[in-house]
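Here's the structure, in structure tokens; my notes come after.
There are 6 protein chains.
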Amino acid sequence: MSATATIEKNAYEVALENFDLAANALDLEDNVRAMIKYPERQLTVTIPVRMDDGKIVRFEGYRVQHSTMRGPAKGGIRYHPNVTIDEVKALATWMTWKCAVVNIPYGGGKGGITCNPKAMSMGELERMTRRYASAILPIIGPEKDIPAPDVYTTPQIMAWIMDTFSMMTGYPVTGVVTGKPISLGGSLGRNEATARGCFYTTRGSMKHLKIPLKDAKVVVQGFGNAGSIAAELFHEAGRRCWRATIPKALSTTRKGSTFRPR
Amino acid sequence: MSATATIEKNAYEVALENFDLAANALDLEDNVRAMIKYPERQLTVTIPVRMDDGKIVRFEGYRVQHSTMRGPAKGGIRYHPNVTIDEVKALATWMTWKCAVVNIPYGGGKGGITCNPKAMSMGELERMTRRYASAILPIIGPEKDIPAPDVYTTPQIMAWIMDTFSMMTGYPVTGVVTGKPISLGGSLGRNEATARGCFYTTRGSMKHLKIPLKDAKVVVQGFGNAGSIAAELFHEAGRRCWRATIPKALSTTRKGSTFRPR
Amino acid sequence: MSATATIEKNAYEVALENFDLAANALDLEDNVRAMIKYPERQLTVTIPVRMDDGKIVRFEGYRVQHSTMRGPAKGGIRYHPNVTIDEVKALATWMTWKCAVVNIPYGGGKGGITCNPKAMSMGELERMTRRYASAILPIIGPEKDIPAPDVYTTPQIMAWIMDTFSMMTGYPVTGVVTGKPISLGGSLGRNEATARGCFYTTRGSMKHLKIPLKDAKVVVQGFGNAGSIAAELFHEAGRRCWRATIPKALSTTRKGSTFRPR
Amino acid sequence: MSATATIEKNAYEVALENFDLAANALDLEDNVRAMIKYPERQLTVTIPVRMDDGKIVRFEGYRVQHSTMRGPAKGGIRYHPNVTIDEVKALATWMTWKCAVVNIPYGGGKGGITCNPKAMSMGELERMTRRYASAILPIIGPEKDIPAPDVYTTPQIMAWIMDTFSMMTGYPVTGVVTGKPISLGGSLGRNEATARGCFYTTRGSMKHLKIPLKDAKVVVQGFGNAGSIAAELFHEAGRRCWRATIPKALSTTRKGSTFRPR
Amino acid sequence: MSATATIEKNAYEVALENFDLAANALDLEDNVRAMIKYPERQLTVTIPVRMDDGKIVRFEGYRVQHSTMRGPAKGGIRYHPNVTIDEVKALATWMTWKCAVVNIPYGGGKGGITCNPKAMSMGELERMTRRYASAILPIIGPEKDIPAPDVYTTPQIMAWIMDTFSMMTGYPVTGVVTGKPISLGGSLGRNEATARGCFYTTRGSMKHLKIPLKDAKVVVQGFGNAGSIAAELFHEAGRRCWRATIPKALSTTRKGSTFRPR
Amino acid sequence: MSATATIEKNAYEVALENFDLAANALDLEDNVRAMIKYPERQLTVTIPVRMDDGKIVRFEGYRVQHSTMRGPAKGGIRYHPNVTIDEVKALATWMTWKCAVVNIPYGGGKGGITCNPKAMSMGELERMTRRYASAILPIIGPEKDIPAPDVYTTPQIMAWIMDTFSMMTGYPVTGVVTGKPISLGGSLGRNEATARGCFYTTRGSMKHLKIPLKDAKVVVQGFGNAGSIAAELFHEAGRRCWRATIPKALSTTRKGSTFRPR
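Just so you know, the protein sequences line up as chains F, W, Z, C, D and Y, in that order.
First residue of the first sequence? That's 644 in my numbering, and the numbers climb one at a time after it.
First residue of the second sequence? That's 644 in my numbering, and the numbers climb one at a time after it.
First residue of the third sequence? That's 644 in my numbering, and the numbers climb one at a time after it.
First residue of the fourth sequence? That's 644 in my numbering, and the numbers climb one at a time after it.
First residue of the fifth sequence? That's 644 in my numbering, and the numbers climb one at a time after it.
First residue of the sixth sequence? That's 644 in my numbering, and the numbers climb one at a time after it.
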């Protein structure tokens with residue numbers, strides 16, 4: 644879920660407020676609220692990485708499991724200079740709700756590393772990713788928590804996580820991440836899946852809200868993997884599409900073309 | 644280590660400053676600093692507990708592993724209303740240093756729950772402890788991280804942690820905690836060990852500093868398990884001993900007699 | 644299989660006699676008889692339970708695996724004051740035959756606790772179930788032996804067994820029981836499955852025996868989950884249905900409405 | 644503990660009566676009695692064995708764990724035509740008490756197979772032992788329950804159990820049985836240990852009871868491994884020793900020389 | 644793959660030459676060649692077997708994993724007096740290529756024992772197979788390497804391997820071998836699968852090469868499981884079929900009827 | 644055991660001949676010979692390593708377990724251009740005998756990589772060692788087979804093996820290798836242990852053979868870790884010591900100072 648709109652308020656505060664609004668609307672009893680409002684586990688790890696110039700730099704990484712009540716936690720890992728534990732907590736919370744709304748047997752998780760992947764070489768990214776994966780190993784796995792690509796994390800990065808996890812088991816565990824390279828067992832169509840979901844949901848909502856499709860303008864905020872492909876899909880469906888300007892402070896989602904490490 | 648003096652500055656900031664002072668004194672190179680300064684893992688967990696009145700209350704618990712480089716992490720778990728993740732991070736850091744200074748093959752860890760154990764029944768404490776133990780299970784164990792009693796945590800609480808852990812393995816794992824009840828494999832003399840260490844260290848330091856023992860006044864700050872027994876030991880050794888007044892805001896260590904749940 | 648008719652002879656003796664009748668009819672050689680006649684494993688466990696009034700009461704529980712030659716053992720767990728190890732052995736034996744007759748890759752198992760669930764609170768039932776589950780843990784599992792609801796055991800009880808088992812593995816193992824609540828991964832239609840099987844089998848047998856369906860009277864012995872739903876299905880199929888009177892001493896299956904703990 | 648005196652009453656009933664006598668003497672509260680009186684687990688297994696003449700014969704074997712509260716269960720396995728589950732339950736109960744009385748961190752277990760080892764070849768004994776070991780595998784192990792030789796079970800039989808268990812782990816697990824052959828890690832002096840314990844205990848009791856040692860007559864009931872060596876030890880200590888006549892119906896311990904399979 | 648034609652050159656040298664030819668044709672870069680040319684693991688084991696006459700004979704067995712990059716290794720086990728490690732290495736290499744060509748997620752493995760199964764009894768074959776299986780256990784499994792029948796290895800032999808492996812896990816692991824007996828979970832049609840594949844491939848190749856099917860002569864080299872069934876299939880498809888004479892030195896595949904141990 | 648004398652005959656043939664000589668002298672029966680003469684397992688692995696210049700070079704590594712009957716296999720790993728599987732088999736065989744002669748509960752193993760460590764950088768050595776360790780992982784471990792330093796393998800190399808193994812378990816497993824750096828749990832005095840053993844053995848043999856120590860000349864063949872320290876110990880003991888010239892073709896042990904990677 645890379646193209647999340649974030650606003651100036653701390654994302655996690657927003658998530659908690661949303662929870663209360665919904666819980667109030669449902670007249671949810673206090674005991675249930677206490678059970679499902681807060682993240683089950685938040686893990687923060689230190690990731691020392693030897694950079695190509697020989698210096699060791701310390702990064703901070705996160706993995707949050709908001710809920711595993713309905714099944715293993717599920718959610719992406721993002722690499723971005725602005726990633727904070729609160730953002731990750733909010734995203735994990737939303738993953739719980741998203742999985743529950745579409746009734747798939749997964750809970751909600753999310754992870755991230757505060758780093759600038761665009762300024763890192765492939766070697767640096769690999770060493771950082773493997774160290775991060777090894778630090779969160781005890782709490783992930785096909786039955787526990789299944790990471791996925793997110794902002795600036797690629798199939799290659801998923802392959803490194805899978806390989807690090809598989810060293811522990813002694814054989815390839817393809818189920819530990821989604822968004823792997825197709826040659827390692829990844830799913831066809833996965834790359835476009837977020838965008839396609841956005842497209843179908845939008846189309847469905849418009850129908851539900853009786854908004855006429857004809858001549859509707861579609862505004863896409865963010866132009867990463869999710870936004871750019873969604874734009875294409877809307878375009879193919881015969882609609883005009885403009886890209887929004889995203890004020891720097893408001894979003895971890897960067898404009899521009901597909902991310903490649905230097 | 645229950646009788647830690649805390650000052651108004653955030654304990655973790657103090658620990659980091661101490662690190663820098665020592666590292667500067669040693670002219671430690673930057674790469675080594677990056678490897679050993681920060682905690683390897685910080686885990687925060689949500690602990691919903693059904694209270695005796697039927698209400699579910701949510702507590703927040705922590706387990707921090709500052710370093711496992713020299714062996715499994717080792718360090719207590721404290722139950723106190725003022726416990727914060729930063730306090731736990733500081734204490735875990737200090738555990739690393741303490742184990743290294745006396746050259747035992749352990750690293751540094753620490754845990755805690757923000758709660759008021761004095762206002763909780765045995766049943767509430769047991770349910771909270773077991774839920775906490777089960778949430779931190781994936782990162783503890785005799786080879787990974789070994790909790791111990793600390794402020795307001797008792798041998799009984801260690802027994803609950805050991806039992807919860809042992810449910811996962813299918814047989815009693817005595818090595819997962821220290822400070823167990825003696826009947827479950829705890830060590831004789833463990834109760835007085837912190838105080839006795841304090842006493843020996845003080846006596847050794849005084850000798851090293853050539854402070855004459857005769858007529859020395861010993862001031863003990865805190866009167867929990869560590870402080871009160873240390874006071875006795877100093878007293879037995881023929882020295883006068885006063886208890887300090889501890890301003891409420893400065894310490895998580897409460898004055899008074901041995902803690903018993905209501 | 645809750646609505647088993649039992650007669651005055653010990654159920655296990657009946658099962659052994661049935662075996663001999665069938666084996667004789669097949670001219671089965673002695674070596675094969677020695678391999679498949681008797682239960683592979685019979686486990687009896689002591690279950691101390693703290694009742695709501697504070698007293699600890701000791702119950703006796705059983706889990707019998709008659710055969711795992713064709714796959715994991717499969718069979719229910721019953722809670723009833725008259726449950727004996729011999730009844731459980733008989734039922735496990737019959738499960739082996741039932742699975743073999745319909746050619747599914749499972750063996751036969753059965754379990755039970757001698758108790759009066761109608762006189763127990765939810766809390767008492769939960770504590771008894773979890774203790775029982777934990778005592779039989781080493782021999783059950785999705786690959787070994789898979790319990791299910793039976794006389795006076797409900798989806799809720801299966802959920803407790805699943806949760807106790809899952810504490811050992813560290814993540815939810817839905818495959819360890821069938822008859823779970825649907826929200827925990829249970830199957831739709833499971834509740835009516837025994838009755839529906841009875842209905843289809845009866846209809847098939849009548850066709851095979853050329854008994855005309857028209858105006859046939861259907862007598863249902865037992866009115867628990869299996870009997871009452873079967874009665875409905877026969878009724879819906881346009882047949883009259885009377886409930887038999889079941890002499891108390893002959894059956895562990897009680898008449899009456901769906902079981903609810905007090 | 645092979646040389647146990649048995650009387651006409653069922654051994655398990657005797658054990659329960661002994662328990663009540665002791666518990667009454669201690670004024671033990673009912674809740675504690677409910678926790679520690681009965682065996683935790685009793686496992687009965689069917690053991691089909693191909694005999695040397697090609698026929699498959701079915702034996703019945705047992706393993707009872709009376710208590711694992713103070714540590715792994717500990718106790719022998721006996722092969723005898725008169726072994727019953729009740730005898731094994733009694734012996735397991737007594738093992739709990741014996742371990743507790745001498746304060747070693749073990750609980751009480753016992754096992755057996757109803758068979759006539761004197762009429763079996765080495766090959767038949769091996770096949771029976773390995774099948775039995777494999778049937779009780781899930782509940783034994785160095786951390787759970789540790790078998791030992793008993794009536795008519797030899798170091799060779801322990802070696803087969805150890806080897807069968809080790810096939811499951813993939814490497815030799817010497818800790819799974821005591822009484823192994825010395826070349827496989829058995830302890831020196833183990834063979835004489837039961838008798839030596841008997842000798843020391845008797846000597847200690849006589850001192851305690853102020854019975855003069857001089858000219859005391861020592862009567863030894865049973866002349867297996869325990870009895871015959873005890874007789875030697877008493878004899879060496881300069882005392883006369885007669886062997887008692889043991890009425891056949893009263894004891895599973897047979898008179899005569901060391902057991903050897905035909 | 645039982646009916647492999649072998650020529651006088653060492654099979655493994657042939658495989659390496661084939662690799663170079665293909666790699667040159669593809670202009671494959673040297674680094675990739677270094678990664679995929681040679682077998683990852685070659686395990687040679689000593690298999691002492693007690694023969695029916697009481698003598699212990701030592702056999703040599705092999706298991707080679709050429710590649711596990713695309714998934715678990717997959718490949719048969721052959722029993723033949725001429726089996727060598729080099730033959731097994733060649734066959735494992737070809738298995739990698741075969742799996743890759745038809746794009747199934749498996750790598751390439753192969754195994755064998757240098758022995759004359761035609762001169763061995765069922766008991767000797769079972770003891771040899773179980774010992775071999777137990778020696779290669781650490782590197783096989785449903786996620787690592789999955790054996791199958793090959794020259795002179797039957798479903799019965801697969802059943803022994805599966806049973807030996809399952810003793811380690813404690814429950815039946817059907818996924819550890821293919822070619823099991825159908826009653827133990829084997830696949831219908833497996834017996835004819837190699838021949839059927841040969842038939843479809845030949846038909847497809849002829850179509851591709853525009854060789855007219857009418858009046859084509861089909862020559863089958865080898866008359867084991869693969870060859871004899873392929874001959875039948877070609878025959879059924881209306882073609883004449885002759886069996887080739889196979890010079891003894893050229894093939895490990897023996898002419899003649901289905902193999903049965905004496 | 645780095646300073647092994649090798650002669651022109653293949654080392655493994657020598658070992659087999661030695662075996663026969665000893666077995667004949669003992670009149671050892673054929674069945675026992677068949678059980679203990681040959682190595683239980685020989686594993687050959689391909690080790691692709693990315694060199695500092697970017698090229699991937701393929702090395703071949705070995706691990707042989709001659710016998711695990713008396714305990715886990717024990718034996719060093721050597722890095723040398725002349726290492727062959729036959730040399731490793733011979734050395735593993737000798738390790739079995741050495742452990743048995745001094746009656747310690749270990750079997751015999753040995754490993755090696757055919758490479759020129761003197762021409763490799765630290766990075767290349769690390770990558771090669773980790774890949775080798777990961778390839779032999781399934782058959783090593785504290786309970787199975789415990790490597791050690793040997794010709795041109797250092798404590799640093801043991802640390803890499805230990806770390807690679809520990810990634811699989813999730814915590815440091817110090818017991819998987821001996822000869823670790825002291826800071827990681829290595830034993831004091833380990834470095835000099837081989838030489839000291841040689842010194843004590845020689846002194847003992849001379850006493851046994853009644854060779855007068857006075858004026859004895861000691862010739863040391865090889866000047867690596869074992870030879871050079873032995874020379875020192877003999878020298879300290881007051882004996883003159885010359886170093887032998889070792890013809891290049893006869894020994895894998897090179898003259899010269901302690902090995903350091905370039």
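Using N, Cα and C, we set each Cβ at its ideal position, and we do this for glycine too.
Buried or exposed: which applies to residue i, given that a residue is buried once 16 or more other Cβ atoms fall within 10 Å of its Cβ?
{"i": "S871/W", "result": "buried"}
{"i": "E730/C", "result": "buried"}
{"i": "V862/D", "result": "exposed"}
{"i": "I782/F", "result": "buried"}
Whose Cβ in chain Z lies nearer than 8 Å to the Cβ of residue i?
{"i": "M738/C", "result": "Ordered by position in chain Z, no residue passes the 8 Å Cβ test against M738/C, which lies about 16 Å from the chain."}
{"i": "P748/F", "result": "G828"}
Secondary structure at residue i, three-state DSSP: helix, strand or coil?
{"i": "Y843/Z", "result": "helix"}
{"i": "A880/Y", "result": "coil"}
{"i": "Q864/D", "result": "coil"}
{"i": "R833/D", "result": "coil"}
{"i": "S764/D", "result": "coil"}
{"i": "I804/C", "result": "helix"}
{"i": "G870/Y", "result": "helix"}
{"i": "V688/Z", "result": "strand"}
Less than 8 Å separating the Cβ of residue i from some heavy atom of the ligand ZN?
{"i": "I728/Y", "result": "This structure simply doesn't include the ligand ZN, nor any ligand for that matter."}
Give the residues of chain F in contact with residue i, contact being defined as C-beta atoms less than 8 Å apart.
{"i": "Y814/Z", "result": "T711, P715, G784, E786, K787"}
Could you name the residues of chain D that residue i contacts, counting a contact when the two beta carbons are closer than 8 Å?
{"i": "R833/Y", "result": "Under the 8 Å cutoff, chain D gives no residues; its nearest Cβ is about 28 Å from R833/Y."}
{"i": "S777/C", "result": "M810"}
State yes or no: is the C-beta of residue i within less than 9 Å of the C-beta of residue j?
{"i": "G752/Z", "j": "H709/Z", "result": "yes"}
{"i": "V700/F", "j": "A677/W", "result": "yes"}
{"i": "M694/W", "j": "E767/W", "result": "yes"}
{"i": "A791/F", "j": "F842/F", "result": "no"}
{"i": "K787/Y", "j": "T711/Y", "result": "yes"}
{"i": "T844/Z", "j": "A778/Z", "result": "no"}
Residues of chain W with CB under 7 Å from residue i, in chain order?
{"i": "N674/F", "result": "K698, I699"}
What residues from chain W crowd round residue i, counting only those whose CB sits closer than 8 Å?
{"i": "V688/F", "result": "E683, R684, Q685"}
For residue i, return the contacting residues in chain C, with the cut-off set at a CB-CB distance below 7 Å.
{"i": "L780/D", "result": "G813"}
- [ ] Check whether the segment 834 to 842 of chain W touches the segment 850 to 860 of chain W, counting contact only when three or more Cβ pairs, one atom from each stretch, lie closer than 8 Å.
- [x] no
TODO: Say whether the segment 741 to 760 of chain F touches the segment 668 to 675 of chain F, bearing in mind that this needs 3 or more beta-carbon pairs closer than 8 Å, one atom from each stretch.
DONE: no
Open item on the list: For the structure I just gave you, are there three or more beta carbon pairs, one from the segment 677 to 685 of chain D and one from the segment 758 to 769 of chain D, closer than 8 Å?
Closed with: no
Open item on the list: I want to know whether the segment 814 to 829 of chain Y touches the segment 790 to 802 of chain Y - three or more CB-CB distances under 8 Å.
Closed with: yes
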